[in-house]
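Undergrad: Dropping a structure here in structure tokens format, bear with me for questions.
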Amino acid sequence: MNTQRLLLLLGQSPFDPTSGAAQSMRQMAELLAGQGMAVRALATTACEGDSADSHAKQIAAGGWRVRRVRSFHLRQRYVLEIVAGTLHHELIEVDPRRKHCWERDVGAVYAAHLHRVITEFKPGWVLTFGGDPTDVARRAVLRAAGACVVFALHNLAYLHNRPAECDVFLAPSQFLAERYRNAWGIPVATLPPPLAPDTVLAATHDPIFVTFFNPEPAKGLWLMARLAERLGRERPDIPLLVVEGRGRAADLIAAGRAAGVDLTRYPNLMFTPPMARVADIWANCRVLLMPSVVEEAAGRVAMEAMANGAVPVVGDRGGIPEIVGHAGIVLPLPTDYTLASHAPLPLETVTPWFDAVTRLVDDKAGYAQFSQAARSAAAVYLPDRLGPRYREWFEAHRTLNT
35 MNTQRLLLLL
45 GQSPFDPTSG
55 AAQSMRQMAE
65 LLAGQGMAVR
75 ALATTACEGD
85 SADSHAKQIA
95 AGGWRVRRVR
105 SFHLRQRYVL
115 EIVAGTLHHE
125 LIEVDPRRKH
135 CWERDVGAVY
145 AAHLHRVITE
155 FKPGWVLTFG
165 GDPTDVARRA
175 VLRAAGACVV
185 FALHNLAYLH
195 NRPAECDVFL
205 APSQFLAERY
215 RNAWGIPVAT
225 LPPPLAPDTV
235 LAATHDPIFV
245 TFFNPEPAKG
255 LWLMARLAER
265 LGRERPDIPL
275 LVVEGRGRAA
285 DLIAAGRAAG
295 VDLTRYPNLM
305 FTPPMARVAD
315 IWANCRVLLM
325 PSVVEEAAGR
335 VAMEAMANGA
345 VPVVGDRGGI
355 PEIVGHAGIV
365 LPLPTDYTLA
375 SHAPLPLETV
385 TPWFDAVTRL
395 VDDKAGYAQF
405 SQAARSAAAV
415 YLPDRLGPRY
425 REWFEAHRTL
435 NT
């Protein structure tokens, strides 16, 4: 195999603004391209969230040049071609209304483009994830062709079903790696997810908003509904910005209504759709709220916030506290607050969160110290610090599938 050639292989778009895992995969590939690897990417335009714009427009809005061309395999199907530096992306276009059926609709086109990549590009490495039978079959083909398959873990979905046809597993945090080592009894490597300065770092930072991403139950919807109520009632001077993702504005409003509160009456509560260039969000973020109910792998959003000087206030579950360290505020979540919770939380539950937010708004000197600590902690995830670690890891494992 050619150990200097890597294929990023995904069943969704690596430019999906609603998927931290997909963005992490793209930025890992970009980091390796910056370290001298030849990198190609094959994916689809499927996104986890919905958008009023076409995916091509979404990508172009992020500053990338996009070409929409016909597939060489089937002329009535289209492919988005994006070149980012030395990294060339091919995204098989799928109907967003049938994103969960893309294998049925364009699977043959995807397979033809993969075959061309294998025969012409001859990747030595494959960076991927996915547990469907078709994902396993593609990995088997690539391994038979001599490629080493690196399976990137971004959640706890595989604890009881280890993915097949993989040479090594890679986790973004010690928390996640340890959980999988204990479950599988095999080594799981750890490399932190990188941050891409061009898309993550804002040119300026004017800290205004308290920001919350993706109002869905897994991210802490019920707690946020109560916190939005209390901020609206007691501190209407503090603007709360909710960035939609899989969860929409209507979900948070409905959660408030379930608690007997009309959140639309609070003018300090604002919503925005996801942005292709997330730096536009961070430019005005003062505090990031992450009361995640689920055990997240690492908390990419927290890393991005910290890199811009925003202070994360996070729950104590999963890999997020490991990422935040002493550069933010970690708060315990009620033990009975789980994904099975489908009712508003008691109002007193949000008191620690309310106190943390108001302190970071009112105490200017204290906020400045937290902000500087956040920037310093996040610097390790930027390319100049993390790139050599990635290069050394891939060089050390180049004989895995020989």
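Just so we're aligned, residue 35 is where the sequence shown starts under the working numbering, counting upward by one. By construction, the Cβ of each residue, glycine as well, lies at the ideal position given by its N, Cα and C atoms.
Could you tell me how far apart the beta carbons of Phe243 and Cys319 are, in whole angstroms, since I believe they sit closer than 8 Å?
TA: For the purposes of this step, residue 243 is taken as residue 209 along the sequence shown, with counting starting at 1. For the purposes of this step, residue 319 is taken as residue 285 along the sequence shown, with counting starting at 1. Confirmed, Cβ separation roughly 6 Å.
Undergrad: Quick check on Leu193: buried or exposed, where buried means 16 or more other Cβ atoms within 10 Å of its Cβ?
TA: Numbered from its first residue, the sequence shown carries residue 193 at position 159. Exposed.
Undergrad: Identify every run of the beta strand (DSSP E) within the segment 252-326, keeping only runs that are complete inside it and at least 3 residues long; order them along the chain.
TA: Correct list: 274-277, 303-306 and 319-324.
Undergrad: Do you know how far the Cα of Val100 is from the Cα of Ile93?
TA: Counted from its first residue, the sequence shown places residue 93 at position 59. Counted from its first residue, the sequence shown places residue 100 at position 66. Using only the alpha carbons, I get a separation of about 7 Å.
Undergrad: With distances taken between CB atoms, is the gap from Ala289 to Leu255 smaller than 8 Å?
TA: The residue labelled residue 289 in the question sits at position 255 within the sequence shown. The residue labelled residue 255 in the question sits at position 221 within the sequence shown. A contact, by the Cβ cut-off of 8 Å.
Undergrad: Given that a residue counts as buried once 16 or more other Cβ atoms are within 10 Å of its Cβ, and exposed if not, what is Asp169?
TA: On the sequence shown, position 135 is the one that residue 169 refers to. Answer is buried; the Cβ neighbour count reaches 16.
Undergrad: Since Trp387 and Leu416 should fall inside the 8 Å C-beta cutoff, what is the C-beta to C-beta distance between them, to a whole number of angstroms?
TA: Position 353 of the sequence shown, counted from the start, is the residue given in the question as residue 387. Position 382 of the sequence shown, counted from the start, is the residue given in the question as residue 416. Between Leu416 and Trp387 the Cβ distance is about 29 Å, and since that is not below 8 Å, they are no contact.
Undergrad: Is the CB-CB distance between Ala95 and Ala310 below 8 Å?
TA: The residue given as residue 95 occupies position 61 in the sequence shown. The residue given as residue 310 occupies position 276 in the sequence shown. The answer is yes: Cβ separation under 8 Å.
Undergrad: Whose C-beta lies closer than 8 Å to the C-beta of Gly119 among residues of the same chain, with five residues either side of it excluded?
TA: On the sequence shown, residue 119 is found 85 positions in, with the first residue counted as 1. Result list for Gly119: Glu64, Ala67 and Gly68, in chain order.
Undergrad: Are there 16 or more other CB atoms within 10 angstroms of the CB of His360, so buried, or fewer, so exposed?
TA: For the purposes of this step, residue 360 is identified with residue 326 of the sequence shown, where counting begins at 1. So His360 counts as exposed.
Undergrad: Flag this pair as touching only if the segment 167-184 and the segment 205-221 have three or more C-beta atom pairs under 8 Å; answer yes or no.
TA: The segment 167-184 vs the segment 205-221: no contact.
Undergrad: What residue from Cys135, Lys133, Gly180 and Asn189 has the CA that sits closest to Phe155's CA?
TA: Your numbering for residue 155 matches position 121 in the sequence shown. Checking every option, the nearest Cα to that of Phe155 belongs to Gly180.
Undergrad: Would you mind reading off the limits of the alpha helix (DSSP H) that contains His89?
TA: What you label residue 89 is simply residue 55 of the sequence shown in a count that begins at 1. Element bounds for His89: His89 to Ala95.
Undergrad: Assuming Arg39 contacts Ala77 (C-beta within less than 8 Å), just tell me the rounded distance between them.
TA: One-based indexing of the sequence shown puts residue 39 at position 5. One-based indexing of the sequence shown puts residue 77 at position 43. The Cβ separation is near 17 Å, so there is no contact.
Undergrad: Just reading off the beta strand (DSSP E) that Glu124 is part of, what are its end residues?
TA: Locating residue 124 in the sequence shown gives position 90, counting from the first residue. Leu121 to Ile126 is the span of the beta strand (DSSP E), which, as asked, contains Glu124.
Undergrad: Could you tell me whether the Cβ atoms of Val276 and Ala283 are closer together than 8 Å?
TA: Along the sequence shown, one-based indexing puts residue 276 at 242. Along the sequence shown, one-based indexing puts residue 283 at 249. A contact, by the Cβ cut-off of 8 Å.
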